[in-house]
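Using the UniProt record's numbering, the first residue of the sequence shown is number 1, and each one after it goes up by one. Here the structure comes first, spelled out in structure tokens, and everything after it is commentary.
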Amino acid sequence: MPQNVDKILDHAPLFREPEYKQMLAEKAKLENMPSAETVTQIADWTKSWEYREKNFARESLSVNPAKACQPLGAVFVSSGFERTMSFVHGSQGCVAYYRSHLSRHFKEPSSAVSSSMTEDAAVFGGLNNMVDGLANTYKLYDPKMIAVSTTCMAEVIGDDLHSFINTAKLKGSVPESFDVPFAHTPAFVGSHVTGYDNMLKGILEHFWKGQTCTPNISINIIPGFDGFAVGNNRELKRVLGLMGVKYTILSDVSDQFDTPSDGEFRMFDGGTSLEAAREAVNARATLSLQEYCTPKTLEYAQSFGQDTASFHYPLGVQATDELLQKISELTGRPVPQELELERGRLIDAMADSQSWLHGKTYAIYGDPDFVYGMARFILETGGEPKHCLATNGSKAWEAQMQELFASSPFGAGCKAWGGRDLWHMRSLLATEAVDLLIGNSYGKYLERDTDTPLIRLMFPIFDRHHHHRFPVWGYQGGLRVLVTLLDKIFDKLDADTIEPGVTDYSFDLTR
1 MPQNVDKILD
11 HAPLFREPEY
21 KQMLAEKAKL
31 ENMPSAETVT
41 QIADWTKSWE
51 YREKNFARES
61 LSVNPAKACQ
71 PLGAVFVSSG
81 FERTMSFVHG
91 SQGCVAYYRS
101 HLSRHFKEPS
111 SAVSSSMTED
121 AAVFGGLNNM
131 VDGLANTYKL
141 YDPKMIAVST
151 TCMAEVIGDD
161 LHSFINTAKL
171 KGSVPESFDV
181 PFAHTPAFVG
191 SHVTGYDNML
201 KGILEHFWKG
211 QTCTPNISIN
221 IIPGFDGFAV
231 GNNRELKRVL
241 GLMGVKYTIL
251 SDVSDQFDTP
261 SDGEFRMFDG
271 GTSLEAAREA
281 VNARATLSLQ
291 EYCTPKTLEY
301 AQSFGQDTAS
311 FHYPLGVQAT
321 DELLQKISEL
331 TGRPVPQELE
341 LERGRLIDAM
351 ADSQSWLHGK
361 TYAIYGDPDF
371 VYGMARFILE
381 TGGEPKHCLA
391 TNGSKAWEAQ
401 MQELFASSPF
411 GAGCKAWGGR
421 DLWHMRSLLA
431 TEAVDLLIGN
441 SYGKYLERDT
451 DTPLIRLMFP
461 IFDRHHHHRF
471 PVWGYQGGLR
481 VLVTLLDKIF
491 DKLDADTIEP
501 GVTDYSFDLT
511 R
């Protein structure tokens with residue numbers, strides 16, 4: 001075999017070795033695989049309009065949905081609070097999935113524990129698992145808070161988290177006064193953004209319930225589920241600092257998912273302090289930067305008399321303008337000249353590159369707020385977001401998207417697809433081609449299959465590193481996204497003009 005201790009091959013070249021080629025050929029024979037010609041014929045047919053109509057007619061099957069399940073969002077939002085361990089009441093395999101997803105994207109250890117429910121718990125209930133699991137978590141990891149969420153198994157059998165946690169406290173698993181907020185997050189409904197909302201509301205209920213709001217001058221800001229949270233949250237804090245605003249970010253994961261290598265392992269780092277979460281009930285307002293991540297949480301904040309407002313991923317000029325104007329309105333703090341200059345520089349950069357951006361067509365997929373914010377920025381550049389897809393997008397989201405398209409001359413012919421998956425996107429790309437595709441790492445298969453260049457700007461990004469460390473929010477983030485779009489456009493131009501004497505007539509490097 002080609003693999004040996006003297007020369008260890010990576011997986012990419014390893015399976016091109018003769019031994020593996022033969023092995024795979026024998027496997028194909030054993031499984032009675034159809035011929036390559038038949039595979040090609042069927043694959044070509046699945047890119048036709050005829051197949052597209054069949055594809056969009058399906059109702060009971062989802063193929064590669066662009067979403068994850070509720071507990072992932074619960075684990076993510078819990079990570080943004082001080083020394084908080086996420087405790088998922090369910091099986092170990094489910095929790096391994098959430099930890100893996102977050103670790104592979106952020107390139108950081110993602111700590112979460114499980115109540116390790118197995119077949120007996122599925123029959124008799126998971127109370128004993130909760131009692132033992134909370135005790136072990138408290139003793140082993142020394143957290144300041146344990147945030148409990150659920151998986152499918154616990155929800156199907158109807159485990160009562162409130163009762164279970166109280167029983168565990170009576171049995172001495174954790175002290176009576178120890179903070180154990182919880183949320184029911186059934187993985188078979190909603191998505192990770194629903195789980196984010198449920199868990200954040202559960203944490204705030206734990207600290208705010210029974211309290212009376214005494215309004216002060218601070219505001220609460222909820223970032224929402226965001227794969228660029230490390231860079232975005234830090235950019236957000238920089239902007240708020242320039243404005244002199246007193247604020248609390250409810251769930252700040254920027255340090256937790258970006259710990260330094262300095263010889264000290266940090267299981268917990270940064271995050272919103274528990275005291276700040278408790279005092280946040282007295283804020284005059286709560287703003288959500290992603291509407292579809294926070295409907296229940298904003299409604300809960302509103303019940304305390306707080307002003308509330310929501311946005312759709314503040315990316316680009318107008319979206320950033322609206323956020324800053326709202327913050328200024330609520331706090332009385334003016335937008336400083338430094339931010340006005342950053343705005344002007346972004347607009348200048350967009351004008352400098354207008355000839356390359358104007359008329360470019362895009363397909364965008366991901367979470368509803370991201371797709372809205374990205375499409376809005378594309379329209380600002382003179383581009384056309386032709387296909388906008390969100391598997392966890394609702395009819396209300398589709399209507400919002402259509403209003404956005406109608407607000408710009410570049411939105412003509414653009415369409416939003418809520419509740420659709422990446423196999424639907426494949427049909428769209430095959431029948432109505434676009435110049436660029438924007439999404440997450442799973443789009444690379446669409447890129448290969450439809451020859452549509454992919455730009456990775458959505459969680460999860462597994463096959464590229466460190467994108468999350470740089471902001472895409474605000475004027476500075478908009479500049480970063482602009483450069484990312486242009487780099488892909490120029491890379492495609494270079495690839496298409498690489499053949500000497502045949503295609504290389506783009507004299508972009510003349511002296």
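Here a beta-carbon is modelled for each residue, glycine too, at the ideal position from N, C-alpha and C.
- Exposed is the label assigned to ILE42, since fewer than 16 other Cβ atoms lie within 10 Å of its Cβ.
- Taken atom to atom, the span from the alpha-carbon of VAL281 to that of SER355 is near 49 Å.
- Taking the CA atoms as reference points, ASN129 sits about 34 Å from VAL230.
- In this structure, GLY373 and LEU315 form a Cβ contact; the two beta carbons are roughly 4 Å apart against a cut-off of 8 Å.
- The beta carbons of PHE225 and PHE76 sit about 6 Å from each other, so the pair counts as a contact at 8 Å.
- Excluding sequence positions up to five before and after GLU235, its CB lies within less than 8 Å of the CB of PRO471, TRP473, GLY474, GLN476, GLY477, all in the same chain and listed in chain order.
- For PRO71, the uninterrupted alpha helix (DSSP H) run begins and ends at 70-78, by DSSP.
- Beta-bridge analysis with DSSP links TRP417 to LEU389.
- From the listed residues LEU140, GLY195, TYR97, GLU205, the smallest Cα separation to SER173 is found for LEU140.
- Taking a contact as a CB-CB distance under 8 Å, the pair SER191 and ALA147 does not count as one, their CB atoms being some 19 Å apart.
- Nearest C-alpha to MET85 among PHE56, ALA112, THR150, TYR98: ALA112.
- Taking a C-beta distance under 8 Å as the contact criterion, LYS360 and LEU436 qualify as a contact pair.
- Counting the other Cβ atoms within 10 Å of the Cβ of TYR505 gives fewer than 16, which makes it exposed.
- Here MET33 is exposed: its Cβ has fewer than 16 other Cβ atoms, across all protein chains shown, within 10 Å.
- Taking the Cα positions, SER62 is about 20 Å away from TRP49.
- Classified as buried, VAL131 has 16 or more neighbouring CB atoms from the shown chains inside 10 Å of its CB.
- DSSP, read as helix, strand or coil, puts THR286 in strand.
- The beta carbons of LEU72 and HIS101 sit about 6 Å from each other, so the pair counts as a contact at 8 Å.
- Contact check for ASP421 against ALA57 fails: the beta carbons are separated by 8 Å or more.
- In the three-state DSSP reduction, LYS7 falls in the strand class (E or B).
- Comparing C-alpha distances from LYS395 to each of LEU274, GLU447, PRO368 shows the shortest one belongs to PRO368.
- When rounded, the separation of the alpha-carbon atoms in THR497 and ASP487 is 15 Å.
- Taking 8 Å as the cut-off, the Cβ atoms of TYR365 and GLU384 do not count as close.
- Counting only runs of 3+ residues, the beta strand (DSSP E) found wholly inside the region 169-235 occupies 219-222, in chain order.
- Look at the region 228-275 and you find these whole runs of beta strand (DSSP E), each 3 residues long or longer: 247-249.
- Taking ASP255 as the centre and dropping the five residues before and after it, the same chain places the C-beta of ASP269, GLY270 closer than 6 Å to its C-beta, in chain order.
- Non-local beta-carbon contacts of THR194 in its own chain, meaning distances under 6 Å to residues more than five positions away in sequence, involve GLN70 in chain order.
- Taken through DSSP and simplified to helix, strand or coil, HIS101 comes out as helix.
- Contact between the region 415-435 and the region 449-459 is present, with at least three C-beta pairs closer than 8 Å.
- Bridge pairing for PHE164: absent [DSSP].
- Secondary structure at TYR505: coil, using DSSP grouped into helix, strand and coil.
- Looking from the CA of CYS414, the closest CA among ALA375, THR391, ALA390 belongs to ALA375.
- Closest by C-alpha distance to HIS89, out of THR214, PHE164, THR272, CYS388, is PHE164.
- When only Cα atoms are considered, THR320 and VAL335 end up about 11 Å apart.
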